[in-house]
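Those protein sequences? They're chains A and B, same order as listed. Taken in order, the first sequence gives residues 16 to 365; the numbers are from this note's numbering. Taken in order, the second sequence gives residues 16 to 365; the numbers are from this note's numbering. For every residue, glycine included, the Cβ atom is placed at its ideal position computed from N, Cα and C. If you're wondering where the values come from, they're calculated on a predicted model, not measured in any experiment.
There are 2 protein chains.
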Amino acid sequence: MELTDRKKQILKVVVEDYISSAEPVGSKAIAQQMGGSVSSATIRNDLADLVEQGYLEQPHTSAGRIPSPKGYRLYVNELMEGGRLSPVETERLNQALHMKMEQLDRVVSQAGKAVSSLAGYPAYTATAGKKKLFARHFDLLPVDENSCIVVVMLGNNRVKSQLLHLQLMLDPEQIPALANLLNTHFTNCSADEMNQKLLHMTDQILPRLFLLLSQTVAYATDVLDEVGRREVQTVGASQILKLPEFRDVDKAHDLMSFLTDEQAELPAPDEGAPMKILIGPENVCEALRDTSVVVASYDIGDDMRGLIGVVGPTRMDYASVTARLSYFADGLTRLFGKKDLPSTKEEPKT
Amino acid sequence: MELTDRKKQILKVVVEDYISSAEPVGSKAIAQQMGGSVSSATIRNDLADLVEQGYLEQPHTSAGRIPSPKGYRLYVNELMEGGRLSPVETERLNQALHMKMEQLDRVVSQAGKAVSSLAGYPAYTATAGKKKLFARHFDLLPVDENSCIVVVMLGNNRVKSQLLHLQLMLDPEQIPALANLLNTHFTNCSADEMNQKLLHMTDQILPRLFLLLSQTVAYATDVLDEVGRREVQTVGASQILKLPEFRDVDKAHDLMSFLTDEQAELPAPDEGAPMKILIGPENVCEALRDTSVVVASYDIGDDMRGLIGVVGPTRMDYASVTARLSYFADGLTRLFGKKDLPSTKEEPKT
DNA sequence: GATTAGCACTCCATCTTCCCGAGTGCTAAA
DNA sequence: TTTAGCACTCGGGAAGATGGAGTGCTAATC
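Right, here's the structure in full:
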């Protein structure tokens, strides 16, 4: 059963008014906002219908209407017009995107901050590998007689390195051989496989070299572990305290500790989809049941995927949040998507 | 003018009672807590004196007493007994200290979390270099014809590396020479000096090599910049919402956004001192004027210094917070203080 | 049939008032 | 110097009063 155009328009007005005021919207205000083409009485009739069909709710008999999750859903799907970014905002976002970037993490965290402060809601960011990562290349650089640097290059071209100290003396002659061994046997395999192979090698090589080997492998598995793990970061959580729906300290506390403690459960868009909007009870997760989440994904290289999301009340400003998120996700994809590493973007010093 | 023993004891009872209850303490309750050796009337007389001398305050004429900052100060300086850690807590703390540690950052952040959740207040951690850092050693590892890994070893033995892509082809023959150049001219100098030298070299070397050189230097300055910067991390900020003094959402919001936005202003112990306690108005910083801060420092190697602090209401449980912080600071010093790098602690795999 | 004006009714938010009791300060006695 | 006794103070929560925004319904109008 379809809604008449007028009812849709009314719904739109209610949603947008409520989004900005957080107060139930009355028929009179709606009439005014619609240009006075119809009277408040007419609108009251329509409102009654909309309530009956579940698009609106009224907190109590003699109050205005507020949108229900179903109402927001319709709004988001059909009624919402794309939010515009003001020049100031675009500037601000670009700034976060174009910062001097040695590290992907840094840019992403900046992005999160910018989105959060522009939207006025908390934001979260996460990155996750799409497929399993392997070590692609090892290098060992002797530093002095009992320490050397181990460099591991990952499948996605990221590089990690670490200084290792050994109790015993190193013979610089043997280092290249060991590096060779690493590159032939320990590349392109998982952490588990590495450890497996390491075991089998116990008696094939000199004990003194074995120590270095095992430390190197231990480091490599650590790195794989760390990079593969989904790292979630929340930012701007304090913003919710400004929202009237969280004037209740307990509610605020619940959401906030959820955001900082159980970040793993924060939603992500479906595989392939660029964005996902979850409204109130559409959230699986108990703690988010009366909040909404908008989350966008972007590509980093071709084997990693990043997330940037915003959590807010159900009356969150979907139009502007989605606009900002997609601007950002697009920007990040453009930055990282095509290339292997952000560092190549560095403009040569003049 | 000294206080009598009894008055000190009364002050102690008031402080400790108020710390745990957050309610003004009455004379009757004090009498009871002191074993009934004196009557409430006597205590009332002493209380009046303590108020007059500024150690206590009364919110209004007919309420109990609460400690003033001066009262807390006396308590902290003279009356407080060292807090004990329960076995469970020690276990918890040790766990955070002994986690598998590839990264100093990781351990420190775990430490912050543990302290915050045990204390029940927000915590912050920071690390800062004591003296200026320089690059100590460079390495260049060719990967393919137009990319290579740059490895920079810092003065404090930390190692950073990055993959660089170049538009033009690399001649593998020239790489070692370039590395040599880097090691002779660009070690042990500041970022500024590096850029200076780079400029002077413009016409001394081949343009194609210059590109790689300049990217390497740019990376090195980035690294120095990043490592030298004081990085502050706050954790457990949501805990303040559980405290009665922050039932006022606005207050909570103020403190919380301070904790996340203006972290630079968070206090640190004086040079050389292991710990610092700042009570209420003793804080310079406006936003902390009615909170207390306890902060401990620890050593990382001999050129870095770390901070771990707790922010809470003035009635914070100084005894147990200081106990936990110093346990942790000691643990971290023991872990990092003597060695160059945490990774050497890794126990060999069996 | 759809729209509108009119009106009685509802219900929340706010403010005021009232009351209770914990805790005080003071006085007089031990 | 300590203690018992007692009148007094004051904050905070319960109960009640007030007002206004907004509704639903009915009857008239387009």
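Asked, Found
"Uninterrupted alpha helix (DSSP H) stretches inside the region 82-118 of chain B (no shorter than 4 residues)", "84-89 and 102-112"
"Spatial distance of residue 298 of chain B from residue 343 of chain B (CA atoms)", "23 Å"
"Chain B contacts from the region 253-284 of chain A (Cβ-Cβ distance under 7 Å)", "253, 256, 257, 262, 264, 267, 268, 271, 272 and 275"
"Residues, ordered as in the chain, of the region 173-204 of chain B that lie near chain A by beta-carbon distance below 8 Å", "173, 174, 175, 176, 177, 178, 179 and 180"
"Exposure label - residue 103 of chain A; buried when at least 16 CB within 10 Å", "exposed"
"Cβ-based neighbour list, residue 243 of chain A, same chain, cut-off 6 Å, excluding 5 preceding and 5 following", "144 and 148"
"Within chain B, the residues that residue 168 of chain A reaches when beta carbons sit closer than 8 Å", "158, 164 and 178"
"Contact residues within the region 136-156 of chain B, judged by C-beta distance below 8 Å to chain A", "152, 154 and 156"
"Alpha carbon of residue 229 of chain A to alpha carbon of residue 196 of chain A, nearest angstrom", "12 Å"
"Segment contact flag, the region 270-280 of chain A with the region 327-339 of chain A, C-beta cutoff 8 Å, min 3 pairs", "no"
"C-alpha gap between residue 286 of chain A and residue 82 of chain B, whole angstroms", "58 Å"
"Run of the beta strand (DSSP E) containing residue 152 of chain A, from where it starts to where it stops", "150-159"
"Whole-angstrom distance between residue 139 of chain A and residue 18 of chain A, CA atom to CA atom", "36 Å"
"CB-CB length for residue 142 of chain A against residue 122 of chain A, believed under 8 Å", "With 8 Å as the limit, residue 142 of chain A and residue 122 of chain A do not qualify as a contact, their Cβ atoms being about 11 Å apart."
"Same chain only: Cβ atoms within 8 Å of residue 236 of chain B, ignoring 5 sequence neighbours per side", "206, 209 and 210"
"Buried/exposed call for residue 184 of chain A, threshold 16 Cβ in 10 Å", "exposed"
"Three CB pairs or more closer than 8 Å across the region 173-184 of chain B and the region 211-220 of chain B", "no"
"When A:182, A:108 and A:162 are compared against residue 132 of chain A, the one with the closest alpha-carbon", "A:108"
"Inter-stretch contact at 8 Å, needing at least 3 Cβ pairs: the region 30-45 of chain B / the region 75-92 of chain B", "yes"
"Option in B:302, B:305 and B:311 with minimal Cα separation from residue 292 of chain B", "B:311"
"Residue interval of the alpha helix (DSSP H) (run including residue 243 of chain A)", "222-243"
"Inter-residue spacing [alpha-carbon to alpha-carbon] between residue 24 of chain A and residue 324 of chain A", "29 Å"
"Close beta carbons around residue 180 of chain B, own chain, < 7 Å, minus the five adjacent residues each side", "161 and 162"
"Straight-line Cα distance separating residue 254 of chain B from residue 221 of chain A", "54 Å"
"Coarse secondary structure for residue 327 of chain B, derived from DSSP in three states", "strand"
"Cβ separation of residue 340 of chain B and residue 309 of chain B, assumed to be a contact under 8 Å, to the nearest whole Å", "6 Å"
"Residue span of the beta strand (DSSP E) that contains residue 175 of chain B, given as start and end", "174-180"
"Distance, residue 71 of chain B Cα to residue 385 of chain B Cα", "Since the first and last residues shown for chain B are 16 and 365, residue 385 of chain B lies out of range."
"Inside the region 243-293 of chain A only - alpha helix (DSSP H) runs reaching at least 4 residues", "264-276"
"Residue 165 of chain A versus residue 301 of chain B: straight-line alpha-carbon distance, rounded", "47 Å"
"Inter-residue spacing [alpha-carbon to alpha-carbon] between residue 135 of chain B and residue 249 of chain B", "14 Å"
"Beta-carbon gap between residue 261 of chain A and residue 315 of chain A smaller than 8 Å", "no"
"Beta-carbon proximity check, residue 155 of chain B vs residue 193 of chain B, cutoff 8 Å", "yes"
"Continuous beta strand (DSSP E) stretch holding residue 312 of chain A: start and end", "306-315"
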